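My numbering numbers the first residue of the sequence shown as 106 and each following residue consecutively.
What follows is a short report on a single structure.
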Amino acid sequence: MSQLKADLQAIRQLLDTPDRWTKNFNARDALGRQALPDDDNATCWCLNGAMIKITDARYTRRYDALDSALNAAVPGRTGFITFNDNGSTRHDDVLNLLDQAIAAAP
C-alpha cells in the first residue's frame, strides 16, 4: 500500500464519526474552541487539520500528496478546504470525498 493511500485511510478513520469532524477551524477541543491539530485536547478536525495531524506537519511531501489527491476528488473546482467549510457540506460528503480519493490513490 502506498503512503498516500495509508494517509488517506488514516484521515478517514480519524474523521469516522460526525463528532470528530468540524468546519472553519483546523481543529477544536471538546468545548468547541479552536485547537491546534496535534494538540492532545483536539477532539475534531477539518480535512486540512486532519492532514496536518496525520503528517505531523504542513507543506511536506506527504501533505502535498494529500492536498493534490483531495483537490482532485472535489466536485467542481472549489478545493478541498472550501468544500469542507461550505455550509451545505455534511459529514457524509467528507467521507465520500475521502472514499473517492482512497479509490484513486495508487
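Cβ coordinates follow ideal geometry from the N, Cα and C atoms, glycine included.
What you are looking at is a predicted structure, and each value in this text was computed from that prediction instead of being measured.
In this structure, Asn131 lies near Ile157, with their beta-carbon atoms less than 8 Å apart.
Under the DSSP assignment, Arg117 falls outside any beta strand (DSSP E), being part of the alpha helix (DSSP H) whose first and last residues are 108-119. Annotation for Asp197: the continuous alpha helix (DSSP H) segment containing it runs 196-209. No residue range can be given for Asp161, since it is assigned to no beta strand (DSSP E) and is classified by DSSP as neither H nor E.
Boundaries for Arg133: no alpha helix (DSSP H) harbours it, while the beta strand (DSSP E) harbouring it runs 132-134, taken from the DSSP string. Inclusion of Phe185 and Leu200 in the CB contact set at 8 Å is not warranted, their separation being larger than that value.
The alpha-carbon separation between Arg163 and Asn146 amounts to approximately 19 Å.
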